[in-house]
């Protein structure tokens with residue numbers, strides 16, 4: 011069982027590291043950051059993830075059902091007083107489907123969605139995210155076009171440069187992929 015425990019511990023560390031990195035990037039590129047309340051007390055690098063987050067999610071410029079979904083999204087970048095700038099679900103070991111479902115609910119409830127939504131995942135899970143985004147239920151919402159993914163490995167490698175040189179949300183878009191862009195750049 012030690013190997014299983016080590017895997018569990020390293021996966022938890024990776025999820026928390028990714029959450030902290032996204033929060034730091036959001037503070038630099040967008041301003042305020044919301045981390046899902048359930049993650050506020052979790053530690054990364056001897057610091058509570060909640061220390062990177064605003065204490066309470068403000069009333070957003072969207073209906074209550076959409077607002078309730080946003081509360082559970084792993085990391086949300088905010089701009090101004092009440093606008094979502096970007097939303098991120100970190101999926102290292104849990105079902106990609108559940109993260110996509112939360113984003114799909116948000117898209118369904120926000121017909122004028124004007125901010126990007128991302129799944130953060132390891133490169134080893136690219137087939138899974140492509141398969142899930144190709145499901146008819148997600149395609150009918152055009153989630154396959156609206157949701158982008160960023161590889162954890164790329165974000166962990168480049169985040170310090172993005173912090174140093176990035177000025178807006180476009181700074182991370184170069185790391186992201188869609189089904190169409192990934193087909194053009196990879197044989198997979």
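Residue numbers (the numbering used here): 11 to 198. Just so you know, even glycine gets a beta-carbon here, dropped at the ideal spot from N, CA and C.
Skipping 5 residues on each side, what residues in its chain have a beta carbon closer than 8 Å to that of residue 58?
Excluding sequence neighbours, residue 58 sits near 50, 51, 52.
If residue 29 and residue 84 are in contact, beta carbons under 8 Å, what's the gap, nearest whole angstrom?
Residue 29 to residue 84, Cβ: 6 Å. Contact.
In whole angstroms, what is the alpha-carbon distance linking residue 174 and residue 181?
Residue 174 and residue 181: Cα-Cα distance of roughly 10 Å.
Residue 79 and residue 99: beta carbons closer than 7 Å?
Result no, Cβ atoms of residue 79 and residue 99 do not sit closer than 7 Å.
Enumerate in chain order the residues of its own chain whose CB-to-CB distance from residue 73 is below 7 Å, with the five nearest sequence positions on each side excluded.
The residues are 119.
If you draw a straight line from the C-alpha of residue 142 to the C-alpha of residue 107, how long is it?
Distance between the alpha carbons of residue 142 and residue 107: 6 Å.
Mark residue 137 as exposed unless 16 or more other C-beta atoms lie within 10 angstroms of its C-beta, in which case mark it buried.
Counting Cβ neighbours within 10 Å, residue 137 comes out exposed, since fewer than 16 surround it.
Write down the C-beta distance between residue 145 and residue 187 rounded to the nearest angstrom, noting that I regard them as a contact closer than 8 Å.
With 8 Å as the limit, residue 145 and residue 187 do not qualify as a contact, their Cβ atoms being about 18 Å apart.
Give me, in chain order, the residues of the same chain whose beta-carbon lies closer than 6 Å to that of residue 16; leave out the 5 immediate sequence neighbours on both sides.
Note that residue 16 scores a pLDDT of 42, beneath 50, so its modelled location is shaky; the value from the coordinates is reported in the next line. There are no such residues.
Going straight from the alpha carbon of residue 43 to that of residue 68, what length do you get?
Cα-Cα distance, rounded: 11 Å.
Given this structure, state the Cα-to-Cα distance separating residue 54 from residue 150, to the nearest angstrom.
Answer to the nearest angstrom: the Cα atoms are 38 Å apart.
In whole angstroms, what is the alpha-carbon distance linking residue 194 and residue 115?
Bear in mind that the predicted position of residue 194 carries a pLDDT of just 43, short of 50, making it unreliable; the figure below should be weighed with that in mind. C-alpha separation (whole angstroms): 28 Å.
Extract the residue ranges of the beta strand (DSSP E) inside the region 62–118, only unbroken runs of 3 or more that lie entirely within it.
Taking only runs of at least 3 residues, the beta strand (DSSP E) segments lying wholly in the region 62–118 are 85–89, 93–100.
For residue 46, does the count of other Cβ atoms within 10 angstroms reach 16, so buried, or fall short, so exposed?
It is buried - the Cβ of residue 46 has at least 16 other Cβ atoms within 10 Å.
Given a threshold of 16 other Cβ atoms within 10 Å of its Cβ, counted over all protein chains shown, does residue 97 qualify as buried or as exposed?
That one is buried.
Find the nearest neighbour of residue 91 within the set 81, 70, 103, 101, judged by alpha-carbon distance.
The option with the nearest alpha carbon to residue 91 is 70.
Is the beta carbon of residue 121 less than 7 Å from the beta carbon of residue 89?
No. Outside cutoff.
For residue 46, name the three-state secondary structure that DSSP assigns.
Note: residue 46 maps to coil in three-state DSSP.
Report the rounded CA-to-CA distance for residue 77 versus residue 124, giving the unit in angstroms.
Answer to the nearest angstrom: the Cα atoms are 15 Å apart.
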